[in-house]
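A.B. asks: Sharing a structure, written as structure tokens. Questions coming.
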Amino acid sequence: MKAGRFQGALALAAAAMPWAAWANDEVARWQLNMREGVTVQSQNAYDAHMLALWICVGIGILVFGAMAVAMFKFRKSRGAVPDKDFTHSTKLEVVWTIVPVVLLVLMAFPATSKLIHAYDTRNSEMTVKVTGYQWMWTYEYLGEGVELTSRLDRRSEQLRQSGVVPTAAQHANYLLDVDNALVLPTDTKIRFVITADDVIHAWWVPALGWKQDAIPGIVNEAWTEISKPGVYRGQCAELCGKDHGFMPIVVRAVPRAEYDAWLAAEKAKRAPAPAAAPATPAAPATPAEPAPVASDAPAAVAVAG
14 MKAGRFQGAL ALAAAAMPWA AWANDEVARW QLNMREGVTV QSQNAYDAHM
64 LALWICVGIG ILVFGAMAVA MFKFRKSRGA VPDKDFTHST KLEVVWTIVP
114 VVLLVLMAFP ATSKLIHAYD TRNSEMTVKV TGYQWMWTYE YLGEGVELTS
164 RLDRRSEQLR QSGVVPTAAQ HANYLLDVDN ALVLPTDTKI RFVITADDVI
214 HAWWVPALGW KQDAIPGIVN EAWTEISKPG VYRGQCAELC GKDHGFMPIV
264 VRAVPRAEYD AWLAAEKAKR APAPAAAPAT PAAPATPAEP APVASDAPAA
314 VAVAG
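In terms of my numbering, the sequence shown is residues 14 to 318.
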């Protein structure tokens with residue numbers, strides 16, 4: 014029974030990993046390590062991960078190396094006899110207590126400083142309000158008068174409801190495309206205020222290096238500064254209902270000049286149409302001269318007295 018479960022888990026993992034590689038733009042097929050991402054936060058997370066990884070690798074080499082030497086050198090076939098009188102070694106206890114504490118402290122300093130930096134939204138150049146709904150996102154560029162609604166794209170929706178098993182040929186980004194992407198400028202510190210209108214959601218784009226919950230009645234903050242233009246995809250990361258898996262996130266990062274042009278075009282779309290100029294009233298007509306009235310009475314003749 015256990016073997017069957019294990020084989021089933023392997024099969025699911027094998028099926029899921031190519032899909033994950035297909036789903037993320039910068040993830041190589043069968044990639045095992047973290048992605049570096051395109052922001053300061055993602056690079057900080059990658060650096061912290063690599064530091065912890067190499068420390069663990071070093072510890073593993075020492076521990077398993079010592080075990081291998083001990084098993085080979087002090088094996089029974091070579092006449093090794095166990096020391097039954099050994100109880101403890103104060104020196105060893107001091108070493109295996111102090112060394113882990115030192116390593117944890119060394120890891121805590123960079124982790125704490127980077128965590129504080131990750132939540133420092135000061136000196137942001139623009140703010141985007143993100144609101145989660147069942148099952149879509151709205152993006153409001155605060156102070157600009159531009160708001161977008163972002164839903165699963167129509168082609169993915171058609172394939173999803175058709176009942177067929179989609180292929181990459183039918184849709185290269187099945188369930189990961191939207192009708193309106195969030196457009197952001199590169200090399201710009203952007204503050205996000207994130208909330209929800211109905212239930213708890215979570216806004217997550219792996220390439221940006223962070224995930225933030227969207228909770229009704231609460232406004233959470235985050236920030237990003239994207240260094241590389243491109244299209245970065247994510248999804249809602251909090252179970253929020255039956256269509257939780259169908260509310261993707263697409264961020265399109267473009268150079269600042271291109272973003273400014275896009276923003277100006279969006280503002281122009283939303284600008285109210287100019288009011289029609291009021292019609293000039295016609296000048297009043299000049300009244301015509303009254304025509305002389307003809308009379309049948311004989312003209313009066315003055316008679317001299």
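Each residue gets a CB set at the ideal place from its N, CA and C atoms; glycine is no exception.
(1) Whole angstroms are fine: how far does the CA of Tyr187 sit from the CA of Pro179?
(2) Hey, Ala274 and Ile239 are a contact pair by Cβ (cut 8 Å); roughly how many whole angstroms apart?
(3) Mapping DSSP to helix, strand and coil, what is Val263?
(4) With 16 other CB atoms within 10 Å as the buried threshold, where does Ala34 fall?
(5) State the beta-bridge partners of Cys249 as determined by DSSP.
(6) Figure out for me which residue from Val191, Val232 and Val218 has the closest Cα to the Cα of Asp210.
(7) For the alpha helix (DSSP H) that contains Ser169, what are its first and last residues?
(8) Taking Leu128 as the reference, give the member of Val53, Ala41 and Thr208 with the closest Cα.
(9) How is the alpha helix (DSSP H) around Asn319 delimited, first residue to last?
(10) In angstroms with no decimal places, state the Cα-to-Cα distance between Arg135 and Pro285.
(11) Taking a contact to mean a Cβ-Cβ separation below 9 Å, would you say Asp226 touches Trp148 in this structure?
(12) Short check: CB of Met139 to CB of Pro198, under 9 Å?
(13) For Gly243 versus Val218, is the C-beta spacing smaller than 9 Å?
(14) Bridge partners for Met139 per DSSP, in chain order?
(15) Can the beta-carbon of Asp190 be found less than 9 Å from the beta-carbon of Arg173?
(16) For Tyr272, report the span of its alpha helix (DSSP H) as first-last.
(17) Please confirm whether Ser163 and Val263 have their CB atoms less than 9 Å apart.
(18) What are the partner residues of Glu157, as DSSP defines its beta bridges?
(19) Leu117 lies in the alpha helix (DSSP H); which residues open and close that run?
(20) Apart from the five residues on each side of it in sequence, which residues of its chain come closer than 6 Å, Cβ to Cβ, to Gly145?
(21) Quick one, are the C-beta atoms of Ala220 and Ser90 less than 9 Å apart?
C.D. replies: By the coordinates alone:
(1) The count along the sequence shown starts at 1 and reaches residue 179 at position 166. The count along the sequence shown starts at 1 and reaches residue 187 at position 174. About 8 Å.
(2) In the sequence shown, the residue the question calls residue 274 occupies position 261. In the sequence shown, the residue the question calls residue 239 occupies position 226. Rounded, the Cβ-Cβ distance is 18 Å, inconsistent with contact.
(3) Counted from its first residue, the sequence shown places residue 263 at position 250. DSSP places Val263 in strand when its eight states are reduced to three.
(4) Here residue 34 corresponds to residue number 21 of the sequence shown, with the count starting at 1. Here Ala34 scores only 37 on pLDDT, less than 50, and its place in the model should not be relied on; the value that follows carries that caveat. The residue in question, Ala34, is exposed, as its Cβ has fewer than 16 Cβ neighbours within 10 Å.
(5) By 1-based counting over the sequence shown, the position of residue 249 is 236. Per DSSP, Trp216.
(6) Within the sequence shown, the letter at position 197 stands for residue 210. When only C-alpha atoms are compared, the closest one is Val232.
(7) Working through the sequence shown from its first residue, we reach residue 169 at position 156. Here the alpha helix (DSSP H) through Ser169 covers Arg167 to Ser175.
(8) The residue you call residue 128 lines up with position 115 of the sequence shown. Cα-wise, what sits closest to Leu128 is Val53.
(9) Given a span of 14 to 318 for the chain in the structure shown, any question on residue 319 remains unanswerable.
(10) Position 122 of the sequence shown, counted from the start, is the residue given in the question as residue 135. Position 272 of the sequence shown, counted from the start, is the residue given in the question as residue 285. Rounded to the nearest angstrom, the two C-alpha atoms are 34 Å apart.
(11) One-based indexing of the sequence shown puts residue 226 at position 213. One-based indexing of the sequence shown puts residue 148 at position 135. Not closer than 9 Å, so no.
(12) Your numbering for residue 139 matches position 126 in the sequence shown. Your numbering for residue 198 matches position 185 in the sequence shown. The answer is yes: Cβ separation under 9 Å.
(13) In the sequence shown, residue 243 corresponds to position 230, counting from 1. In the sequence shown, residue 218 corresponds to position 205, counting from 1. No.
(14) As a position in the sequence shown, residue 139 is number 126, starting the count at 1. Answer is Ile203.
(15) Counting from 1 along the sequence shown, the entry for residue 190 is found at position 177. Counting from 1 along the sequence shown, the entry for residue 173 is found at position 160. Result no, Cβ atoms of Asp190 and Arg173 do not sit closer than 9 Å.
(16) Residue 272 sits at position 259 when you count from the first residue of the sequence shown. It spans Arg269 to Arg283 - the alpha helix (DSSP H) in which Tyr272 sits, taken as one unbroken run.
(17) Numbered from 1 along the sequence shown, position 150 holds the residue referred to as residue 163. Numbered from 1 along the sequence shown, position 250 holds the residue referred to as residue 263. Yes, they are a contact pair.
(18) Within the sequence shown, the letter at position 144 stands for residue 157. Glu157 pairs with nothing; no bridge assigned.
(19) For the purposes of this step, residue 117 is taken as residue 104 along the sequence shown, with counting starting at 1. Start and end: Thr103 to Ala131.
(20) Locating residue 145 in the sequence shown gives position 132, counting from the first residue. Closer than 6 Å at the Cβ level, and outside the excluded window around Gly145, lie Ala209, His214 and Ala227.
(21) Taking the first residue of the sequence shown as position 1, residue 220 is located at position 207. Taking the first residue of the sequence shown as position 1, residue 90 is located at position 77. It is not a contact, given that the beta carbons lie outside the stated cut-off.
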